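Using the UniProt record's numbering, you'd call the opening residue of the sequence shown number 1 and step up by one each time. Cβ coordinates follow ideal geometry from the N, Cα and C atoms, glycine included. On a predicted model such as this, the values are computed, not experimentally measured, just so you know. Okay, structure first, notes after.
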Amino acid sequence: MTGNGSATAPRYRLEDRIATGGMGEVWRATDTVLEREVAVKVLRPEHAHDSTFRSRFQTEARHAAALSHPHVASVFDFGELPAEDGSGVPRPFLVMELVPGQPLSALLRPGRPMPPDTAADLVAQACEAVAAAHAIGVVHRDLKPGNLLVTPQGQVKITDFGIARAADAAGLTQTGQVIGTPAYLSPEQAEGKQATAASDIYALGVLLYECLAGRRPFTGDSPVAVALAHLREAPPPLPPDVPEHLRQAAAVAMAKDPAHRFDSAAQLGAVLRGAAIPAALLAAAAGAAASAAASGADDTRVLTSATPAPDPTSDPTRDTVVAPLPPPAAARSGSTSRRGPAWWPWLSAAAAVLLVILLVAWLGGGDEPAPSAAPGGQDSASSASRSQRSSAPAEVTVRAADYRGLTQREATARLKALGLQVESRTVPNPGAGTAGRVADVSPTGTVNRGGTVTLEVYGAATPTAPTSATATATAPATSAPPEKNPEPKTKPGKDPKPDKPGKSKGKDH
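Printed below as a string of structure tokens:
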């Protein structure tokens, strides 16, 4: 198959390439029989011989075709193209609904939270689609902003069922593998356990948090650090203007224990539309918050203190990763048990998650596409960054959003790694779970190396009366989420003007 107006199979004529990623390319095309625009996703030639990639393509076609839902991008056709390189190995392709709009990942901006009503509406729509998938026994396992398309009218369409699995099936994605995107990976997936419907609910909670906070709940310098944070850390508090009902919804959806999450994606969606959260789930979330508050002031993320400051031109958490895990603890040498029951589970989890990074390096880019029209993409940006680091610039950039919610110790270590001096002062605590964490940073923007940055750190929490759960009705989104290029100093929570409508199939995640 070739583009620029050529015919395919021969019904589909490719017009423009929309996105390209580690696994495939997505084209805007014309169905010459039905005379309509469609999106055609084609496996990259270098993966045509790989049975795993071919299986993922077939899995995506099978699961998406089985779903007929207004919030799922429809699959119309599946086929194979004759080999163009003389190898005799055909390349599979999918023909899908062409969704006008952008992926949610293009609408999210660091430090720019969405209005709570908009965030709740978008995630509630995603919940409806996920609930429909769960109803036929399909677990998505890779829910993330790049797989949620948002139309100019604010309608959500879920895509990329490439690593989804039937709830009772084995094969491509068995227990003993870590599969997913680290930033949205549930604790049980990070441990190599089998993903369930509860794992998708956790990912929906992370999406809700990111929309409300303008940042991900857990960040790190590597997929290992991020996955371990999902295992052991509590997320930083959401902004003060987020309604309590939505705070509680995010906390319950992101519970470490799957049994303490919502019973279904449909239940989470109903809560986002205004239904009350069951008292038992609220109690479990409150207990988890109390435990985190008791130890949060001394917590430091595993494996991050010894690693260099993150490169702003790259995102080590963006890829869908698949990595084998070591054998179960019971099959290992008895020497592990001598470490004591308090240590071996974390050591086992650390060893398991550590292997994630190996496959990320092997894949060299995973499934996160970059628009082909953008010149000098990731490689040129990374080269520029390496050149800048080698010349030791006299100035560095400090963004408050990168440090809010971190422990004082961790924020101090990161700032010192940039060559800055660090001071701190205590500010009043807004609630449980924030003691010892960073509230704000000043100055921000460009700072001279050797200069001083002040951390505002939350002090001890002041006891307050329990807050009862209230049902906050969410209004439907009437426009697309935040603007594409916001000013960096716009106050959080401000509802910017929507982007102009455009046609895009989204990214091949």
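Nearest Cα to Val422 within the set Thr454, Gly101, Leu231: Thr454.
Comparing alpha-carbon positions, the option among Gly436, Gly154, Ala64 lying closest to Glu456 turns out to be Gly436. Put simply, the stretch 209 to 219 touches the stretch 100 to 110. At least three CB pairs are less than 8 Å apart.
About 7 Å separates the beta carbon of Arg91 from that of Glu80, a gap short enough to meet the 8 Å contact definition. Here the alpha carbon of Ala283 sits roughly 21 Å from the alpha carbon of Arg273. Across the structure, Gln155 and Pro217 are spaced so that their CA atoms are roughly 25 Å apart. Contact check for Asp200 against His140 passes: the beta carbons are separated by less than 8 Å. Straight-line measurement puts the Cα of Glu97 at about 15 Å from the Cα of Arg13. For Ile277, there is no enclosing beta strand (DSSP E), as DSSP marks it with neither H nor E.
Closest option to Ala251, judged by alpha-carbon separation, among Ala270, Ile277, Ala227: Ile277. Membership of Phe78 in the beta strand (DSSP E) is indicated by the continuous run 75 to 81. Taken through DSSP and simplified to helix, strand or coil, Ile158 comes out as strand. For the 8 Å CB-CB criterion, Glu395 and Val447 form a contact. Taken in chain order, the unbroken stretches of beta strand (DSSP E) that lie wholly in the stretch 59 to 147 and span 3 residues or more are 75 to 81, 91 to 97. Within a 10 Å sphere around the beta-carbon of Ile158 sit 16 or more other beta-carbons, which makes this residue buried.
Distance check between Glu46 and each of Glu25, Leu185, Ala19, Thr30 places Glu25 closest, using alpha-carbon atoms only. In this structure Phe93 touches Lys41 by the C-beta definition: roughly 6 Å separates them, less than 8 Å.
Nearest neighbour of Arg17 by Cα position, chosen from Pro10, Arg11, Thr30, turns out to be Thr30. Annotation: Gln102 to Gly180 spans about 22 Å, alpha carbon to alpha carbon. Here Ala29 is bridged, per DSSP, to Leu14, Val38. Counting the other CB atoms within 10 Å of its CB gives Asp160 a total of 16 or more, which places it among the buried residues.
Bounds of the beta strand (DSSP E) holding Gly445 are 445 to 448. Pairing Val130 with Leu204 gives a Cβ-Cβ distance under 8 Å. Residue pairing by DSSP leaves Thr412 without any beta bridge partner.
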